[in-house]
């Protein structure tokens, strides 16, 4: 698979309620930035599918999170728990187990999901707010000159930000930085 800003993020939806699962799949189906590659009714099926298909994002219902499936899924994907506000305990346990965040079913949009992926990437990758802003623009295909003009910075300042971003991410190319930023950890070699 080619890694660039036009490749949609690959999503797996895990929900024991077929109607709720269909609602999430329907919400994501109109996005050019996301592609639903798999659906599962429970966490056990999801773990096997994730190992085989390597999704970038897993949307995991509260029941599957309660049974401890966030931990194995988070080893290969960014996991977001789909749970109501009343399930805060379940969400907290899932986050301690490796989940990146929480979305309330029926009240999030595609933009909310993408923003959550970027926020999780920024926090887990240790970027400053300005570096995250620069990385968002890099991921959208902007050149250093375009970024400088948009953020009212000199091109040299943007280059400095880019160099710090590469150092923090441990990458040497724009394509790899974009892949990591967008949560596509599966394209990176495993660290020993």
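Numbering (UniProt numbering), first residue to last: 1 to 192.
Beta carbons: idealized from backbone N, C-alpha and C, even for Gly.
Which word fits residue i, buried or exposed, when buried means at least 16 other C-beta atoms lie within 10 angstroms of its C-beta?
| i | result |
| --- | --- |
| residue 152 | exposed |
| residue 144 | buried |
| residue 161 | buried |
| residue 90 | buried |
| residue 105 | buried |
| residue 102 | buried |
| residue 18 | exposed |
Along the chain, where does the beta strand (DSSP E) containing residue i start, and where does it finish?
| i | result |
| --- | --- |
| residue 101 | 101-103 |
| residue 61 | 57-61 |
Which whole-angstrom value is the C-beta distance of residue i and residue j, which I expect to be below 8 Å?
| i | j | result |
| --- | --- | --- |
| residue 211 | residue 131 | Because the chain here runs from 1 to 192, residue 211 falls outside it and cannot be looked at. |
| residue 33 | residue 8 | 6 Å |
Pick from the options: whose alpha carbon is nearest that of residue i?
| i | options | result |
| --- | --- | --- |
| residue 61 | 97, 53 and 70 | 70 |
| residue 99 | 111, 38, 121 and 44 | 121 |
| residue 78 | 19, 59 and 107 | 59 |
| residue 76 | 20, 47 and 155 | 47 |
| residue 35 | 43, 116 and 11 | 11 |
| residue 128 | 142, 169 and 113 | 169 |
| residue 137 | 16, 85 and 118 | 118 |
For residue i and chain C, any beta-carbon pair shorter than 8 Å?
| i | result |
| --- | --- |
| residue 176 | Absent here is chain C; the protein component of the structure consists of one chain. |
For the alpha helix (DSSP H) containing residue i, list its first residue and its last residue.
| i | result |
| --- | --- |
| residue 10 | Here residue 10 belongs to no alpha helix (DSSP H); instead the beta strand (DSSP E) covers 9-14. |
| residue 39 | That residue, residue 39, is in no alpha helix (DSSP H); its beta strand (DSSP E) goes 34-40. |
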